[in-house]
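So the sequence shown is residues -10 to 173, counted in the working numbering. Taking it in order: structure first as structure tokens, then the write-up.
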Amino acid sequence: MEGSTIVLTDDAGKSLPCTVETAFKVDSTEYLLLQPVDFSVQIFAWQETDDEEETELVDVTEEEIDLIFPVAQAVLAEQNLSLKRSAHTLTVEGELPEATEEDIIEIDTEEDGNCGEFQELAHFYYEEQAFSVFTSLDPLMFIAKVGDDGQPEILSPEEMAALEPYVEQYLDHVLSTEDAEEEF
């Protein structure tokens, strides 16, 4: 199954083609570690801080995405990138431009203060509000379980929390095995 492509769907009927990176079992349930075929992206708005010379990135609501999506799509099309409203995430299809130091920004992605590095793909305005489209330098991964009907199902937050220790243990094992293989 590893290396094959499957399609996740959401409640709205949108799809997300993913590559199966690996499959593993926990207590007779089969799980899949999935990576989207296309690049996952996020759109953020730029907002002034209390120090009016500084700006910060803020999340964009679904309603705002509905409004700005055609503009973001047009701006990315100028780079031969196709923006899609995929299931579970926005994605772009195409060849990403080479990342430069100016394009890379650290964004606080977790409540516990973890930061991730993101590449800015586009900057645009909608009704005088600045927005940017970013892709993470670390690929987005999903964990799904194989349902009774054989179709993959994204885990609920509760299921993910319960599975997290197993996933960490599995990934630690895989990474230590890869490190050992590289030493030869």
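Ideal Cβ placement from N, Cα and C applies to all residues, glycine included.
Contacting residues, own chain, Cβ-Cβ under 7 Å from residue i (five flanking each side not counted)
i, result
"F28", "T80, V81, L85, T124"
"D(-1)", "A76, H77"
"T44", "W35, Q36, E37, T38"
"V26", "T(-6), P6, C7, T8"
Contacts around residue i, its chain only, beta-carbon distance under 8 Å, and the 5 residues preceding and following it disregarded
i, result
"N69", "G83, E84"
"A12", "M(-10), E(-9), E19, Y20, L21, L22"
Range covered by the beta strand (DSSP E) that runs through residue i
i, result
"P6", "4 to 15"
"E19", "18 to 25"
"L79", "79 to 82"
"L46", "44 to 48"
"S(-7)", "From DSSP, S(-7) is part of no beta strand (DSSP E); its letter is neither H nor E."
"A184", "Nothing about residue 184 can be read from this structure; the chain reaches only from -10 to 173."
"L110", "104 to 115"
"E37", "28 to 37"
Span of the alpha helix (DSSP H) around residue i
i, result
"E91", "Looking at the DSSP string, E91 is not in any alpha helix (DSSP H), and its letter there is neither H nor E."
"D138", "Segment: none, D138 is in no alpha helix (DSSP H) and carries neither H nor E."
"A119", "Run containing A119: none in the alpha helix (DSSP H); it sits in the beta strand (DSSP E), 118 to 125."
"D55", "51 to 66"
Rounded separation between residue i and residue j - CA only
i, j, result
"E116", "D97", "26 Å"
"D39", "V122", "24 Å"
"D92", "V30", "14 Å"
"D137", "L(-3)", "15 Å"
"Y155", "P146", "15 Å"
"E10", "Q24", "7 Å"
"T8", "D127", "15 Å"
"A61", "T50", "15 Å"
"S17", "V135", "11 Å"
"L46", "R74", "21 Å"
"P53", "T89", "Here residue 53 turns out to be Glu, not Pro, going by the sequence shown. In a straight line, the C-alpha of E53 is about 29 Å away from that of T89."
"L65", "S71", "7 Å"
"E172", "E42", "With a pLDDT of only 48 at E172, under 50, the local geometry of the prediction cannot be trusted, and no value is derived from it."
"Y159", "A133", "15 Å"
"S(-7)", "Q140", "14 Å"
"E67", "I143", "33 Å"
"K14", "L56", "42 Å"
"E148", "H162", "21 Å"
"E87", "A63", "20 Å"
"A1", "E153", "27 Å"
"G105", "L129", "11 Å"
Own chain, CB closer than 6 Å to residue i, minus 5 neighbours either side, in chain order
i, result
"F107", "I94, I96, F123, S125"
"A119", "W35"
"H112", "S121"
"A151", "none"
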